[in-house]
Amino acid sequence: MRILGTALLALTLSACSGPELLNIVAPSLSGQWEKTTDLAYGELERHRFDIYTPTEDGPHPVLIYVHGGSWNSGSKDDYPWLGRRFAAEGYVTAVINYRLAPEFGYEDFMADTAKAVAFIHQNAEQWGGDPERLFLVGHSAGAYNAVQVALAPEFLAAEGSSPAIIDGVAGLAGPYDFLPLDGPATKAAFGVAEDLDATQPVNRVTADAPPMLFLHGDKDTVVRPRNSTRMEELLKAQGIKTRSEIYEGVDHIGIIVAVPLKGRAPVVKDINDFFGQTD
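Residues -17 to -1, 1 to 262 in mature numbering (1 follows the signal peptide of the UniProt record, and there is no 0) are what the sequence shown lists, from first letter to last.
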């Protein structure tokens, strides 16, 4: 398993699409999930999500996954392997799209994330989900979106909702403290924001935050592990349930590869344990 994961990572870094390749090599887990594609949570083209439901009777906890891609790339269509993995773990799993830079910026992709979260929460029961057990998971830029929508109440308030509907968040290799903007991706995504300080999750932590888990690899040179450990420190200071795990020998891509290929790091187990599920 470790050899396969290493080979997969090498292919990813040599310009193959990591998510697409995982659709080929990840376990199919057939018989444990059902899939419905291209559901709408809003009116725009990117307001779409796929839903993966466990075949066992519910109600089940609901998990919303937000993809990464530097806020300028990525699609729900790349993540069937993740949807079926978490559905097999017992979650009604929604994988969402959102608008991307450079055409759209911070206010847009955060508004989309909130709209998706509110819509899925309101309609969870029709897929066998329990709206009282709603969790968010994201990787990289998607981890940012998931954490920020739980900390910045204005986005869910615009949907007639609030972060109180979120029972937990797991951020995988997410950036939460990246001022000043020093790269083309962050400048394109956040340069239009009126208040840059307010875009940083480290500045939005309050005692009202939901429980949060931060997972990172110690070999991540794209988003440094200090982002996760700093968030843990800030949340603990507010008395919020939180934990960070830094996996030895795991890099930025390796942490998401570990979702279907468990030998790389216990990502799914740690998420299940934190959210109160069993592996």
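Glycine included, C-beta positions come from ideal geometry on N, C-alpha and C.
It should be emphasised that the depicted structure is a prediction, and the values quoted were computed from it without experimental measurement.
Closest by C-alpha distance to Leu27, when choosing among Val250, Ala141, Lys224, Lys98: Start at 1 with the first residue of the sequence shown, and residue 27 comes out as number 44. Minimum Cα distance to Leu27 is reached at Lys98.
Assigned secondary structure, Tyr87 (DSSP; H/G/I helix, E/B strand, else coil): Numbered from its first residue, the sequence shown carries residue 87 at position 104. For the sequence presented, residue 87 should be read as Phe rather than Tyr. The answer is coil: DSSP assigns Phe87 none of H, G, I, E or B.
C-alpha gap between Pro208 and His43, whole angstroms: Taking the first residue of the sequence shown as 1, we reach residue 208 at position 225. Taking the first residue of the sequence shown as 1, we reach residue 43 at position 60. Cα to Cα, the separation comes out at about 32 Å.
Among Ala147, Glu228, Ile254, Gly88, nearest to Asp191 - alpha-carbon criterion: Stepping through the sequence shown from its first residue, residue 191 is reached at position 208. Selected option, being the one with the closest Cα: Ala147.
Cβ pair Pro243, Ala9 closer than 8 Å: The residue labelled residue 243 in the question sits at position 260 within the sequence shown. The residue labelled residue 9 in the question sits at position 26 within the sequence shown. Yes, the pair counts as a contact, with Cβ atoms nearer than the cut-off.
Segment contact flag, the segment 106 to 124 with the segment 173 to 190, C-beta cutoff 8 Å, min 3 pairs: Contact fails: fewer than three Cβ-Cβ distances are below 8 Å.
Exposure label - Lys224; buried when at least 16 CB within 10 Å: Position 241 of the sequence shown, counted from the start, is the residue given in the question as residue 224. By the 10 Å Cβ count, Lys224 comes out exposed.
C-beta contact flag for Leu198 and Ala133 at 8 Å: To locate residue 198, count along the sequence shown from 1; it is residue 215. To locate residue 133, count along the sequence shown from 1; it is residue 150. For Leu198 and Ala133, no; Cβs fall outside 8 Å.
Length of the line joining the Cα atoms of Tyr35 and Glu86: Start at 1 with the first residue of the sequence shown, and residue 35 comes out as number 52. Start at 1 with the first residue of the sequence shown, and residue 86 comes out as number 103. So the two alpha carbons sit approximately 30 Å from each other.
Contacting residues, own chain, Cβ-Cβ under 6 Å from Ala107 (five flanking each side not counted): Numbered from its first residue, the sequence shown carries residue 107 at position 124. Val45, Pro114.
Bridge partner(s) assigned by DSSP for Thr225: On the sequence shown, position 242 is the one that residue 225 refers to. Looking at the DSSP assignment, Thr225 forms a beta bridge with Met195.
For Val188, three-class secondary structure by DSSP: Here the question's residue 188 lines up with position 205 in the sequence shown. Correct three-state label for Val188: coil.
Contact check, Arg29 vs Leu22, beta carbons under 8 Å: Residue mapping note: residue 29 aligns to position 46 of the sequence shown, counting from 1. Residue mapping note: residue 22 aligns to position 39 of the sequence shown, counting from 1. In this structure, the beta-carbon distance from Arg29 to Leu22 does not fall below 8 Å.
Straight-line gap, Ser11 to Asp61 (C-alpha atoms, nearest Å): Here residue 11 refers to the residue found at position 28 when the sequence shown is read from its first residue. Here residue 61 refers to the residue found at position 78 when the sequence shown is read from its first residue. Roughly 14 Å between the two C-alpha positions.
CB contact flag (Asp203, Asp234, <8 Å): The residue you call residue 203 lines up with position 220 of the sequence shown. The residue you call residue 234 lines up with position 251 of the sequence shown. Yes. Within cutoff.
Segment limits, beta strand (DSSP E) that includes Val120: Taking the sequence shown and counting its residues from 1, the one referred to as residue 120 is at position 137. It spans 112 to 122 - the beta strand (DSSP E) in which Val120 sits, taken as one unbroken run.
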